[in-house]
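Let me begin by presenting the structure, written as structure tokens, before commenting on it.
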Amino acid sequence: MRIIQATLEHLDLLTPLFVKYREFYGSLPYPDSSRAFLEKRLRRKESVIYLALADDDDKKLMGFCQLYPSFSSLSLKRVWILNDIYVAEDARRQLVADNLIRTAKKMAKETQAVRMRVSTSSNNEVAQKTYESIGFKEDTEFKNYVLPISDEL
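Residues in the sequence shown are numbered from 1 upward in steps of one, following the UniProt record's numbering.
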């Protein structure tokens with residue numbers, strides 16, 4: 001497999017797998033909105049997306065990951081958030097996620113980031129084992145909270 005950084009030219013290849021990723025987490029597909037979302041991120045350079053392509057077929061997307069930049073005021077450095085990662089069903093158990101994360105880690109080092117962060121559902125044991133095998137440590141120091149933002153004031 002080959003890992004490449006996505007560009008606008010990859011939107012048609014990426015969108016169907018991104019839609020499957022959203023469906024995996026219970027979101028409605030919305031392919032047009034999903035494509036527009038990805039296009040905005042890439043155009044505005046608001047995220048970095050890596051694609052895992054099959055060696056023998058540039059049109060076969062095995063998986064992807066999307067990272068968003070953040071910063072740490074305490075360390076005065078960049079932090080990368082591994083926000084999305086998904087492997088196509090027919091490409092699982094081929095170390096696709098491992099290769100995507102290792103590429104992301106290399107980019108994080110090159111941009112002098114202090115760390116990468118990732119969250120996953122508490123029952124996604126496969127993902128947890130993958131993250132831990134690559135060197136991610138569970139954050140036991142901080143408890144995370146979410147504040148939903150609604151249209152109501």
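C-beta atoms are modelled at their ideal positions from N, C-alpha and C, and glycine is treated no differently.
| query | result |
| --- | --- |
| Endpoints, alpha helix (DSSP H) assigned at P16 | L11 to F24 |
| Alpha carbon of P31 to alpha carbon of K106, nearest angstrom | 31 Å |
| Sub-8 Å separation of Y131 and L100 beta-carbons | no |
| N99: first and last residue of the uninterrupted alpha helix (DSSP H) it sits in | V96 to E110 |
| Cβ-heavy atom distance, M62 to the ligand NAP, below 7 Å | The ligand NAP is not among the ligands present in this structure, which contains no ligands whatsoever. |
| Local conformation of residue 155 per DSSP, three classes | One cannot answer for residue 155 here, as it falls past the ends of the chain, which runs 1 to 153. |
| Residues near V48 by beta carbon distance below 6 Å, same chain, minus five either side | L67 |
| Closest Cα partner of V87 within the set A127, R43, V118 and A108 | A127 |
| Backbone CA spacing between S27 and R102 [nearest angstrom] | 28 Å |
| Per DSSP, cross-strand counterpart(s) of Y68 | I81 |
| Beta-carbon spacing of I4, L53 below 8 Å | yes |
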